[in-house]
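Residues 5 to 206, numbered by my numbering, are exactly what the sequence shown covers, in order. Just so it is clear, CB atoms sit at the ideal spot from N, CA and C, and this is done for glycine as well. Everything on this sheet refers to the single structure shown next.
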Amino acid sequence: MENSLLVVGLGNPGRKYERTRHNAGFMLVELLAERAGAGWQDDQRSRSRVAKFSLGGRRAILCQPQTFMNCSGEAVRALADFYKIGPEDVLVVVDDADLPLGAVRMRPGGGSGGHNGLKSIAAHLGGQGFARQRIGIGRREGAREITGHVLGAFAGDEMKVLELALAKAADQAECWLTAGIDRAMNEHNGAIEAPDDAKEQQ
């Protein structure tokens with residue numbers, strides 16, 4: 005079996021933050037684990053929840069850092085060191101308020117876009133050379149301060165769109181695991197079509 009690949013879903017631990025917009029990364033890796041029938045375990049070494057499975061001959065390690073968002077890099081570095089995983093074999097899944105709800109975008113690198121979780125990971129991995137998958141959560145029209153928005157829960161109609169976006173993002177992450185980033189980007193970057201009932205409420 006080839007070297008392991010690490011998929012990190014970013015979010016904040018605890019019931020207070022469950023199903024909030026900032027935890028879209030947590031939701032994505034939970035869906036991947038569910039699809040693979042992989043169970044979660046607490047990894048004290050990295051202060052993470054970890055699930056493992058094999059897909060297409062590759063071993064995937066899913067990670068939910070329990071360090072809170074701003075210190076996510078500590079958990080990622082610990083796992084990468086232990087499993088000898090280079091930045092090129094790491095995919096970080098984050099929420100993105102600059103993308104509309106329902107959009108999914110993967111890139112091989114780039115800046116943090118102001119996302120504190122990405123900033124922390126870049127600092128601990130020594131650069132931006134890891135892939136990132138952004139899940140759009142949108143932002144309130146005209147709002148500059150978004151802290152309350154990203155830490156707020158998805159509304160009922162938003163959840164319907166998010167569930168479709170997460171399914172698309174999971175397909176893309178699985179494609180990244182089995183076929184690489186170029187194919188994952190070419191086949192899966194874009195936005196989902198909003199359900200009719202969600203469109204009516206927009």
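Under the three-state reduction of DSSP, Gly13 is assigned to strand. In the three-state DSSP reduction, Ser8 falls in the coil class, being neither helix nor strand. A Cβ-Cβ contact shorter than 9 angstroms links Asp47 with Leu83. Here the alpha carbons of Ala135 and Ile89 stand approximately 13 angstroms from one another.
Its Cα nearest to that of Leu166, the residue Arg23 stands out among Gly18, Arg23 and Thr182.
With contacts defined by Cβ atoms closer than 9 angstroms, Gly41 and Thr182 do not form a contacting pair. Note on Ser76: 16 or more other CB atoms within 10 angstroms of its CB, so buried under the neighbour-count rule.
As far as DSSP is concerned, Ile141 takes part in no beta bridge. Pairwise C-beta distances place the region 168–188 in contact with the region 23–35, as three or more of them are shorter than 8 angstroms. Take Phe72, set aside five residues on each side of it, and the residues of its chain with a beta-carbon closer than 8 angstroms to its own are Asn16 and Pro17, in chain order.
For Arg136, the beta-bridge partners assigned by DSSP are Val96 and Arg111. Distances from the alpha-carbon of Val98 to those of Tyr87, Gly133, Asp85 and Gln68 put Gln68 closest.
Taking 9 angstroms as the cut-off, the Cβ atoms of Leu168 and Ile139 do not count as close. Beta-bridge annotation (DSSP): Gln45 is paired with Val54.
Taking every protein chain shown into account, the CB of Ala157 has fewer than 16 other CB atoms within 10 angstroms, so this residue is exposed.
Residues Ser50, Arg51, Ser52, Pro69 and Thr71 of the same chain have their beta carbon placed closer than 6 angstroms to that of Ala79, with the five preceding and five following residues left out of the count.
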